[in-house]
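> This structure is in structure tokens; I'll ask about it shortly.
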Amino acid sequence: MLTFRQIRYFIATVEQGKVSSAAAELNVSQSAVSAAIKDLEEELGYRLFTRKAYGVALTFQGHQFFQHARNILAAVSEAVNAPHEPSEGVEGDIVIGVSFTVAAYFLPNLLLRFKHIFPGVTTRVVEDDREEIERGLIKGRLDLALMLVSNLKNRSEIDSETLLRSHRRLWLSANHPFNQLETVSLAEIQQEPYVMLTVDEASKTAMRYWKKTEHRPNVIFETSSVEAVRSMVALGMGITILSDMVYRPWSLEGHRVETKNVLQDVPTMDVGVAWHHDAQLSLPSRTFRDFVIRAYQNSPLF
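Sequential numbering of the sequence shown, starting at 957, is according to the working numbering.
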């Protein structure tokens, strides 16, 4: 029978990339983690990981299961921290601004769970860039926003709560020589062709941490499409540094994308809920804000 412990150990192993590192993070023995994963694979009937010299990597089926496992963990956290008041009395409309990355990789499951618990609340979602979202909160056109709060500029007028911090790692093809390294430095990365993502100010964020060093990426292509980046990396046309939240181990063409830790300090991509500092939030707005905070306050990092 599948257990919550197996789910936790599995997610920790995915995030750490090594069974030994997951065991240290969980404060349990390495054999306990290995046994939990073995039992989980037997229960599911397929392999979750392939073993490599530098650690472990998700199989295609393992990646699919990882998406479900994160939802399970979020649902458990949501159940533990569920509101005690009845949801039937919460009714009304809310307008939520979302940034592009959040809309694609974070929003759908969250909205589905909220609608299931609070059917009397109608949510209208408006997708826009950070500047317009901040303006919409201040002007009152938006009640709340789900956005990359690590990019938030107007912190004097906008309050926010971080829901998750997504680590940024180096993406590279399955046969890239860097796969033999434990970690890769920016000095090494700058020698390779680099594919730069531009959506949600990704390129500006990248250059902020690059400019803290003497190194610069050798950008050969800029695009707003995460899937274009994924395909080019998987085909060996370049490498990139992007967050775990948007990582998928397979391109649309079915080619593998690997990840490695970067030696230097690369900031996380933080997703959060934001609202105008002086806004008198309605009951539906307060309910949604509290719901998403409860749902993610005990969740692991991506």
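For every residue, glycine included, the Cβ atom is placed at its ideal position computed from N, Cα and C. As the structure is a computational prediction, the values presented were derived from the model and not from experiment.
1) If we call anything under 8 Å between Cβ atoms a contact, is histidine 1072 one with arginine 1204?
2) In whole angstroms, give me the CA-to-CA distance for asparagine 1131 and arginine 1121.
3) Taking 8 Å as the cut-off, does the region 1185 to 1194 touch the region 1135 to 1147 (at least 3 CB pairs, one atom from each stretch)?
4) Give the straight-line distance between the Cα atoms of tryptophan 1127 and glutamate 1117, rounded to the nearest whole angstrom.
5) Helix, strand or coil: how does DSSP classify alanine 1143 here?
6) Does the distance from the CB of leucine 1119 to the CB of valine 1229 come in under 8 Å?
7) Using a Cβ-Cβ cutoff of less than 8 Å, which residues in the same chain neighbour isoleucine 1050 once the five nearest sequence positions on both sides are dropped?
8) My understanding is that leucine 1104 touches threonine 1154, with C-beta atoms under 8 Å, so please give their C-beta distance in whole angstroms.
9) Report the residue from Met957, Leu1004, His1171 and Leu996 whose alpha carbon sits nearest the alpha carbon of glycine 973.
10) I'd like to confirm the pairing. Which residues does DSSP put opposite histidine 1232 in its beta bridges?
11) Which partner residues does threonine 1006 have in the DSSP bridge list?
12) Rounded to the nearest angstrom, what separates lysine 1008 and leucine 1014 at their Cα positions?
13) Rounding to the nearest angstrom, what Cα-Cα distance links serine 985 and glycine 1096 in this structure?
14) For phenylalanine 960, does the count of other Cβ atoms within 10 angstroms reach 16, so buried, or fall short, so exposed?
15) So, with DSSP's three-state summary, where would you put glutamate 999?
16) Within 10 angstroms of the Cβ of histidine 1024, are there 16 or more other Cβ atoms? Answer buried if so, exposed if not.
17) Does the Cβ-Cβ distance between leucine 1102 and isoleucine 1028 come in under 8 Å?
18) Once you ignore the five residues that flank aspartate 1226 on each side, which residues in its own chain have a CB closer than 7 Å to its CB?
19) When you compare each of Ile993, Leu1198, Thr969 and Leu1093 to glutamate 1157 by their alpha carbons, which one comes out closest?
20) Can you list, in chain order, the residues of its chain with a C-beta nearer than 6 Å to that of phenylalanine 1247? Leave out the 5 residues immediately preceding and following it.
21) Where threonine 1224 and arginine 1124 are concerned, what is the direct C-alpha to C-alpha distance, given to the nearest angstrom?
In short:
1) The answer is no: Cβ separation not under 8 Å.
2) Cα-Cα distance, rounded: 29 Å.
3) Short answer: they don't touch.
4) In this structure, the alpha-carbon of tryptophan 1127 lies about 28 Å from that of glutamate 1117.
5) In this structure, alanine 1143 counts as helix in the three-state DSSP scheme.
6) Yes, these two residues count as a Cβ contact at 8 Å.
7) Excluding sequence neighbours, isoleucine 1050 sits near Val1077, Thr1078, Thr1079, Arg1080, Asp1099, Leu1100, Ser1238, Pro1240, Ser1241 and Phe1244.
8) Between threonine 1154 and leucine 1104 the Cβ distance is about 14 Å, and since that is not below 8 Å, they are no contact.
9) Of Met957, Leu1004, His1171 and Leu996, the residue nearest in Cα terms is Leu1004.
10) Histidine 1232 is bridged to Ile1114.
11) Ala1013, per the DSSP bridge assignment.
12) Those two C-alpha atoms are separated by around 11 Å.
13) Using only the alpha carbons, I get a separation of about 52 Å.
14) Burial call: exposed.
15) For glutamate 999, the secondary structure class from DSSP, reduced to helix, strand or coil, is helix.
16) Counting Cβ neighbours within 10 Å, histidine 1024 comes out exposed, since fewer than 16 surround it.
17) No. Outside cutoff.
18) So the qualifying residues of the chain are Leu1104, Val1105, Ser1106, Thr1118 and Arg1121.
19) Put simply, of Ile993, Leu1198, Thr969 and Leu1093 the residue whose alpha carbon is nearest the alpha carbon of glutamate 1157 is Leu1198.
20) So the qualifying residues of the chain are Phe1070.
21) Cα to Cα, the separation comes out at about 6 Å.
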